[in-house]
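Asker:
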Amino acid sequence: FFVEGRRLGDPYVSGHLGVLYSQQGRHAEAEEVLMDGHRLGNAEASTHLGVLYSQQGRHAEAEEVLMDGRRLGDPDASTQLGVLYSQQGRHAEAEDVFTEGRRLGDPQAPTGLG
67 FFVEGRRLGD PYVSGHLGVL YSQQGRHAEA EEVLMDGHRL GNAEASTHLG
117 VLYSQQGRHA EAEEVLMDGR RLGDPDASTQ LGVLYSQQGR HAEAEDVFTE
167 GRRLGDPQAP TGLG
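Each residue of the sequence shown is one higher than the one before, counting from 67 in this note's numbering.
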């Protein structure tokens with residue numbers, strides 16, 4: 067189902083397939099399909115790609131695609147960007163995007179850094 071949807075160019079299927087590949091440890095394949103979804107404007111694919119990059123220590127790339135996911139309206143992108151900022155010691159920026167994530171309805175967004 068997912069592979070066929072990807073072949074047909076469905077950007078939302080790319081996000082789901084990318085997460086599945088990532089969970090299976092197939093990171094190169096995950097990156098490829100998440101990048102497809104990201105290029106097609108899928109906010110969730112952008113967020114998942116940012117998380118994958120962050121897990122790989124590719125922080126500049128993670129920040130870039132998480133900001134895209136945020137701009138495209140995924141509340142989780144704000145939360146994940148906050149996690150990235152917090153890990154980098156950028157606490158004021160983290161608090162700002164956590165607040166945005168909560169405002170946009172992400173129940174996972176922390177309420178504070180302390």
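A virtual CB, placed ideally from N, CA and C, is assigned to each residue, including glycine.
(1) Ignore the nearest five residues each way along the sequence and tell me which others in G167's own chain have a CB closer than 6 Å to its CB.
(2) Just checking, does the stretch 91–99 make contact with the stretch 126–139 on the three C-beta pairs under 8 Å criterion?
(3) Whole angstroms are fine: how far does the CA of L138 sit from the CA of L118?
(4) Classify H157: buried if its beta carbon has 16 or more other beta carbons within 10 angstroms, exposed otherwise.
(5) Determine whether the beta carbon atoms of V99 and S112 lie at a separation below 7 Å.
(6) Is it buried or exposed for G148, if we count other Cβ within 10 angstroms and need 16 for buried?
(7) Can you give me the Cβ contacts of F67 inside the same chain, cut-off strictly under 6 Å, excluding the 5 residues immediately before and after it?
(8) Measure the Cβ-Cβ separation of G135 and A160 and say whether it is below 7 Å.
(9) Rounded to the nearest angstrom, how far is the Cβ of G84 from that of G103, given a contact under 8 Å?
(10) In whole angstroms, give me the CA-to-CA distance for H82 and G171.
(11) So what does DSSP say about L138, is it helix, strand or coil?
Answerer: The answer reads as follows:
(1) Residue 167 sits at position 101 when you count from the first residue of the sequence shown. Counting only Cβ-Cβ distances below 6 Å, and skipping sequence neighbours, we find P141, S144, T145 and A175.
(2) no
(3) Position 52 of the sequence shown, counted from the start, is the residue given in the question as residue 118. Position 72 of the sequence shown, counted from the start, is the residue given in the question as residue 138. Each residue's alpha carbon lies about 18 Å from the other.
(4) Translated into positions along the sequence shown, residue 157 becomes position 91. It counts as exposed.
(5) In the sequence shown, residue 99 corresponds to position 33, counting from 1. In the sequence shown, residue 112 corresponds to position 46, counting from 1. Cβ distance not < 7 Å, so V99 and S112 don't count as in contact.
(6) Reading the sequence shown from its first residue, position 82 is the one you call residue 148. That one is buried.
(7) Your numbering for residue 67 matches position 1 in the sequence shown. Reliability of the predicted coordinates at F67 is poor, the pLDDT of 45 falling under 50, and the value obtained from them is presented with this limitation in mind. Within the same chain, F67 has no close Cβ partners at all.
(8) As a position in the sequence shown, residue 135 is number 69, starting the count at 1. As a position in the sequence shown, residue 160 is number 94, starting the count at 1. Not in contact: G135 and A160 (Cβ atoms no closer than 7 Å).
(9) Counting from one through the sequence shown, the residue named residue 84 turns up at place 18. Counting from one through the sequence shown, the residue named residue 103 turns up at place 37. Contact holds; Cβ gap of about 7 Å.
(10) Within the sequence shown, residue 82 is the residue found at index 16, counting from 1. Within the sequence shown, residue 171 is the residue found at index 105, counting from 1. Each residue's alpha carbon lies about 21 Å from the other.
(11) Locating residue 138 in the sequence shown gives position 72, where the first residue counts as 1. DSSP places L138 in coil when its eight states are reduced to three.
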